[in-house]
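Participant: FYI, the numbering for the sequence shown is 1 to 327, going by our numbering.
Using N, Cα and C, we set each Cβ at its ideal position, and we do this for glycine too.
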Amino acid sequence: MSSINPPKKIPYVRLGNSGLKVSRFILGLGSYGNNYDSGIQTFDTANVYSNGESERILGKAIKQLGLPRDEIVVMTKVYGIVKREPSIPGPGPEADAAGYVNQYGLSRKHIFESIKHSLERLELDYVDVLQCHRFDYNTPIAETMQALHDVFKAGYARYIEMSSCHAYQFHAMQNYAINNGLTPLVSMQNLYNLIYREEEREMMPTLKPIADVWYWNDPLIAALARRTESAVFSNKSPSINKPVRSKEDNKEVILRIEKIAKDRGINMAQVAIAWVLSKSDITAPIIGATSLERLKDTIGAIGVKLTNEEIKHLEKPYVAQPIQGHS
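This is the structure:
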């Protein structure tokens, strides 16, 4: 008699308007085996993460753990430089002078070279989602969208997505694809959490009719997972991104998260993630942690349902922030 696998603890949701289902949490790499057993089957990486090493680690993990390719969803990104020398700066004239011209951006040449090298590092025949990591101001949208369509037609990627851009840029790319019969973008990935909510102004309301959004919120979660006041409010910690920096207007939000966490007997990261999950526009937040125990705690947020009063209480102190994650 064949054994029946235990049910997964994490539900699955559709990615945007596509038929692809992803786990309610997307793992931004870290620990794999136990998290797959709990229901996380969606993994987010990029060609530039750890200069290509992140893709290699994910590829090895898939193979060593025997993760079924038809069950998991693998996402990677194209735009930045995978460097031969660590001292090389990011995209720009200095990189060009060092021999990296055409090795970044969203030109047809770089898109095809990048996905080819990503698949080699991942040891896969295709990725489920290829994301544009940034908007390319130096390449015509027509060239980018045609190249992405051809990557899709060649079987290198099943879906195309955008990341880290303004709403008008997403719409310019999406409209070109739709009006020219090319593969459309299925979703959008931008920074979003309780202390950075600028995407609520344009991105979220304008995307709702044509594509879902799912957001990266890990800098705040990483800070709250090991919360001390100095950890959350100091800008000296390398693991905390710019949106989690020393600001009095952010401090009140953090204190309110702490109060709700204490009242409920849960940790602060769970409260912050539960708030993200309460937003109907959000398909799935990307999470990560420095240890398996912290990741298990984060996953526990799936069972936390905030009341309307708690949500309003958390949102009330928000103060507008400078744009983060894209320019």
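Would you report the Cα separation of Leu20 and Ala274, rounded to the nearest angstrom?
Facilitator: Those two C-alpha atoms are separated by around 23 Å.
Participant: Flag this pair as yes or no: are the beta carbons of Gly105 and Thr139 separated by less than 8 Å?
Facilitator: In contact: Gly105 and Thr139 (Cβ atoms closer than 8 Å).
Participant: By a C-beta neighbour count over all protein chains shown, 10 Å radius and 16 as the cutoff for buried, is Pro285 buried or exposed?
Facilitator: Answer is buried; the Cβ neighbour count reaches 16.
Participant: How would you call Glu161, buried or exposed, if buried means at least 16 neighbouring beta carbons within 10 angstroms?
Facilitator: Buried, by the Cβ-count rule.
Participant: Near Ala156, what residues of its chain come up, given a Cβ to Cβ distance below 6 Å and the 5 sequence neighbours on each side ignored?
Facilitator: The sequence given here places Tyr at residue 156; Ala does not occur at that position. Answer for Tyr156: Ile115 and Tyr126, listed in chain order.
Participant: When burial is assigned at 16 or more other CB atoms within 10 Å of the CB, is Lys77 buried or exposed?
Facilitator: Buried, because 16 or more other Cβ atoms sit within 10 Å of the Cβ of Lys77.
Participant: Restricting to runs no shorter than 3 residues, where is the beta strand (DSSP E) found entirely within the stretch 121-176?
Facilitator: If we require 3 residues or more, the beta strand (DSSP E) runs fully inside the stretch 121-176 come out as 127-132 and 157-163.
Participant: With distance defined between alpha-carbon atoms, name the residue in Ser18, Gly99 and Glu71 nearest to Arg84.
Facilitator: The candidate whose alpha carbon is nearest that of Arg84 is Gly99.
Participant: Assign Lys208 to one of three DSSP states: helix, strand, or coil.
Facilitator: Lys208: coil per DSSP, three-state reduction.
Participant: How about Ser23 and Ile10: are their beta carbons less than 8 Å apart?
Facilitator: Contact flag set, yes.
Participant: Label Thr45 either buried or exposed according to how many other C-beta atoms from any shown protein chain fall within 10 Å of its C-beta, with 16 as the threshold for buried.
Facilitator: The residue in question, Thr45, is buried, as its Cβ has 16 or more Cβ neighbours within 10 Å.
Participant: Distance check for Ala154 and His117, CA to CA, integer angstroms please.
Facilitator: If I take the Cα positions, the gap works out to 15 Å.
Participant: Roughly how many angstroms lie between the CA atoms of Phe25 and Ile40, to the nearest whole one?
Facilitator: Approximately 6 Å, taken between the alpha carbons.
Participant: Gln131: buried (16+ other C-beta within 10 angstroms of its C-beta) or exposed?
Facilitator: By the 10 Å Cβ count, Gln131 comes out buried.
Participant: By the three-class DSSP mapping on this structure, what secondary structure does Ser187 have?
Facilitator: Strand.
Participant: Assuming His149 and Leu182 form a contact by the criterion Cβ under 8 Å, report the distance between their Cβ atoms to the nearest whole angstrom.
Facilitator: The pair is a contact, with the Cβ atoms about 4 Å apart (cut-off 8 Å).
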